[in-house]
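Chains as they are written, first to last, in the working numbering: chain A, 1 to 565; chain B, 566 to 609. What follows is one structure encoded as structure tokens, with my remarks underneath.
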């Protein structure tokens with residue numbers, strides 16, 4: 001059914017594209033923050049164990065599934081999963097492999113556009129002379145669309161559309177375009193990251209000031225790297241480490257299946273998968289740990305970092321820290337930092353476009369360009385609300401309610417659901433015997449046979465635990481007390497952040513019940529409306545893709561019947 | 566940095582770097598498959 005056959009140019013290009021898909025903003029922003037929030041040096045051991053027991057097995061499963069599905073001409077997860085399981089419902093689990101990408105790309109392109117804009121601001125020296133508070137206010141102003149930081153009206157929207165247009169154009173060039181972007185983006189990202197990591201490693205106590213006399217980059221590194229074996233039995237640390245695997249490796253999304261579906265069955269997937277996976281780990285563990293935390297601790301002190309560690313540091317703090325390096329180096333550092341985030345972002349968002357394109361080309365005979373532009377159009381439709389709809393809190397900061405809903409349901413929950421489904425399918429439905437044979441077919445490395453049993457038992461079990469951990473997160477995230485309480489007949493109190501309570505908006509409703517100020521009551525009521533609207537849009541997207549899959553399935557059946565007669 | 570943090574950092578980062586280089590080196594050194602393979606740059 002396919003009209004144009006896409007293909008990879010070279011093996012190195014494919015691995016760089018896969019590594020670029022995995023390396024994203026989370027490598028530099030989420031990983032160090034997770035480490036800080038989960039005990040610093042305590043975090044790294046569970047993290048690496050999860051990489052071995054869950055990350056690598058999932059990478060192998062997804063690469064193998066993609067190449068297997070590609071043999072039948074399938075380049076997206078609905079029909080890749082359909083070729084592996086006899087039950088009809090598997091293809092609807094495969095819908096997650098398209099849905100997640102469209103939903104995540106919708107807001108991911110927005111973050112990407114911030115990095116693009118901040119590269120420009122770094123070049124022109126916008127942050128020069130600003131104190132930390134002013135840099136934070138600048139970011140907040142940028143998000144408020146009515147106020148421009150450059151004179152360009154609605155500049156956040158302009159940069160968003162610019163970024164989306166660039167993504168769509170590259171996607172319209174097919175896999176060759178994606179490969180070329182990875183061949184440029186990944187090496188540049190490594191060079192930029194190495195420069196900043198060197199600064200982080202050598203900053204020491206030179207950034208201490210009158211305001212922060214005890215500031216020391218060594219404190220940040222000590223906190224990140226001192227092994228604290230006593231905390232290793234804390235289940236929260238393990239859940240956080242396992243959760244980080246999804247974000248860092250881009251597993252559970254459907255992009256890896258899509259990329260590997262363009263491979264021939266005799267070509268290796270096992271070595272390719274670990275090579276791309278370890279490239280991602282290098283960027284995360286080696287470079288990611290040496291930039292944000294030590295540099296911030298070097299100027300603001302470790303206590304400040306522990307209190308304020310978060311995603312926003314990249315935009316609200318780093319420009320101020322770079323400004324301490326003098327007018328010339330600060331501009332280079334700004335361009336390098338936001339440049340590396342941009343390259344990390346775009347190589348991931350490009351990957352998010354390919355499952356939709358593969359699906360439309362396979363099932364609806366779309367030309368490559370048409371498939372790319374329909375993707376761009378959909379991202380614009382579903383993504384603009386994440387740019388335009390937000391709330392201003394009492395203290396004047398922007399609460400990106402719409403954006404956060406996409407991030408939670410598509411960027412967190414969907415990944416776990418899909419990864420769990422595919423692990424069960426691969427190991428138990430398709431069968432580990434066939435799955436293992438598929439993995440080692442054409443392999444350029446010998447995989448220890450113990451991984452066969454890890455993929456059969458350990459990986460699915462870990463995914464079930466991660467899923468239940470999100471579904472049933474106890475109050476205050478205190479698992480020890482919740483389990484103890486359960487055995488003492490006190491029941492199980494769910495946290496407002498648990499998946500079940502999130503569905504019912506219980507956190508906002510509780511705030512609403514306690515609120516007395518009319519302004520606050522109106523704010524919270526509006527918040528519930530926005531939350532429900534975002535979920536409605538996501539649900540309509542999922543249903544729409546499911547319908548397209550159903551129609552494609554009927555078309556396939558009809559075609560099969562016609563050919564048989 | 567304290568000694569235990571320094572040793573831990575060096576061991577973990579060196580291990581990750583070693584495997585990254587090792588696997589990529591294996592990719593570069595792996596024998597080419599006969600045509601037609603998955604990659605078009607080496608096509609005749």
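Just so it is clear, CB atoms sit at the ideal spot from N, CA and C, and this is done for glycine as well. Values in this document were obtained by computation on a predicted structure and should not be read as measured data.
Subject >> Close beta carbons around residue 340 of chain A, own chain, < 6 angstroms, minus the five adjacent residues each side >> reply: 189, 192 and 193
Original post:
Going along chain B in order, which residues have a C-beta closer than 7 angstroms to the C-beta of residue 11 of chain A?
Top reply: 592 and 604
Subject >> Proximal chain B residues relative to residue 32 of chain A, where beta-carbon distance stays under 8 angstroms >> reply: By Cβ distance, chain B contributes nothing, its closest Cβ being about 13 angstroms from residue 32 of chain A, past 8 angstroms.
Subject >> When A:68, A:156, A:125 and A:79 are compared against residue 109 of chain A, the one with the closest alpha-carbon >> reply: A:156
Subject >> residue 41 of chain A: contacting residues in chain B (beta-carbon distance under 8 angstroms) >> reply: 570 and 573
**OP:** Please report the Cβ distance between residue 347 of chain A and residue 208 of chain A, rounded to the nearest whole angstrom; I am assuming they are in contact, meaning their Cβ atoms lie under 8 angstroms.
**Re:** So it is not a contact: roughly 37 angstroms between Cβ atoms.
Subject >> Proximal residues to residue 551 of chain A (C-beta, below 7 angstroms), its chain only, five neighbours per side dropped >> reply: none
Subject >> Extent of the continuous alpha helix (DSSP H) run through residue 474 of chain A >> reply: Where residue 474 of chain A is concerned, there is no enclosing alpha helix (DSSP H), given that its DSSP letter is neither H nor E.
Subject >> Through-space distance from residue 553 of chain A to residue 91 of chain A, alpha-carbon basis >> reply: 9 angstroms
Original post:
In three-state DSSP terms, what is residue 492 of chain A?
Top reply: coil
**OP:** Consider the Cβ of residue 1 of chain A: report whether some Cβ of chain B lies at a distance smaller than 8 angstroms.
**Re:** A caution first: residue 1 of chain A carries a pLDDT of 46, below 50, which makes its placement in the model too unreliable to give a value.
Original post:
Mind checking whether residue 179 of chain A and residue 9 of chain A have CB atoms under 8 angstroms apart?
Top reply: yes
**OP:** Compare the C-alpha of residue 50 of chain A against each of A:237, A:113 and A:82 and name the closest.
**Re:** A:237
**OP:** Report the three-state DSSP secondary structure of residue 604 of chain B (helix, strand or coil).
**Re:** strand
Original post:
Can we say the stretch 315-334 of chain A touches the stretch 86-105 of chain A, given the rule of at least three CB pairs closer than 8 angstroms?
Top reply: no
**OP:** Have a look at A:457, A:34 and A:6 and flag the residue whose alpha-carbon is nearest the alpha-carbon of residue 307 of chain A.
**Re:** A:34
Subject >> Given 8 angstroms, three or more beta-carbon pairs between the stretch 495-512 of chain A and the stretch 523-536 of chain A >> reply: yes
Subject >> Exposure of residue 301 of chain A, with buried meaning 16 or more beta-carbon neighbours within 10 Å >> reply: buried
Original post:
Would you say residue 190 of chain A faces chain B, with C-beta separation under 8 angstroms as the test?
Top reply: no
Original post:
Are the C-beta of residue 409 of chain A and some C-beta of chain B separated by less than 8 angstroms?
Top reply: no
Subject >> Alpha carbon of residue 1 of chain A to alpha carbon of residue 265 of chain A, nearest angstrom >> reply: Low local confidence applies: a pLDDT of 46 at residue 1 of chain A is under 50, so the model's placement there is unreliable, with the coordinate-based value given in what follows. Computed Cα separation, rounded: 20 angstroms.
**OP:** Along the alpha helix (DSSP H) that carries residue 325 of chain A, what are the first and last residues, could you check?
**Re:** Counting along the chain, residue 325 of chain A falls outside any alpha helix (DSSP H), and DSSP gives it neither H nor E.
Original post:
Taking a cut of 7 angstroms between CB atoms, which residues from the stretch 431-451 of chain A lie near chain B?
Top reply: 444 and 445
Original post:
In chain order, what residues of the stretch 224-245 of chain A put their CB closer than 9 angstroms to some CB of chain B?
Top reply: 224, 225, 226 and 227
Subject >> Secondary structure of residue 405 of chain A, DSSP reduced to three states >> reply: helix
Original post:
Going by alpha carbons, who is nearest to residue 396 of chain A out of A:223, A:24, A:143 and A:115?
Top reply: A:143
Original post:
Who are residue 373 of chain A's beta bridge partners in DSSP?
Top reply: Partner(s): none; residue 373 of chain A has no beta bridge.
Original post:
What residues in its chain sit with their C-beta under 8 angstroms from that of residue 3 of chain A, if we drop five residues either side in the sequence?
Top reply: Bear in mind that the predicted position of residue 3 of chain A carries a pLDDT of just 47, short of 50, making it unreliable; the figure below should be weighed with that in mind. Same-chain partners within the cutoff: 361, 365, 366 and 367.
Original post:
According to the neighbour-count rule (16 or more other Cβ atoms, all chains shown, within 10 Å of its Cβ), is residue 225 of chain A buried or exposed?
Top reply: buried
Original post:
Does the stretch 77-91 of chain A come close enough to the stretch 480-490 of chain A to have 3 or more Cβ pairs within less than 8 angstroms?
Top reply: no
Subject >> Endpoints, alpha helix (DSSP H) assigned at residue 57 of chain A >> reply: 56-71
Subject >> Straight-line Cα distance separating residue 74 of chain A from residue 548 of chain A >> reply: 15 angstroms
Original post:
So is residue 7 of chain A in contact with chain B if we call contact Cβ pairs under 8 angstroms?
Top reply: yes
Original post:
Relative to the C-alpha of residue 105 of chain A, which residue among A:384, A:130 and A:466 is closest?
Top reply: A:384
**OP:** For residue 350 of chain A, collect the residues of the same chain with a Cβ closer than 7 angstroms to its Cβ; drop the 5 residues on either side in sequence, then sort them by chain order.
**Re:** 167, 170, 171, 178 and 181
**OP:** Work out the CA separation of residue 59 of chain A and residue 277 of chain A for me, nearest whole Å.
**Re:** 8 angstroms
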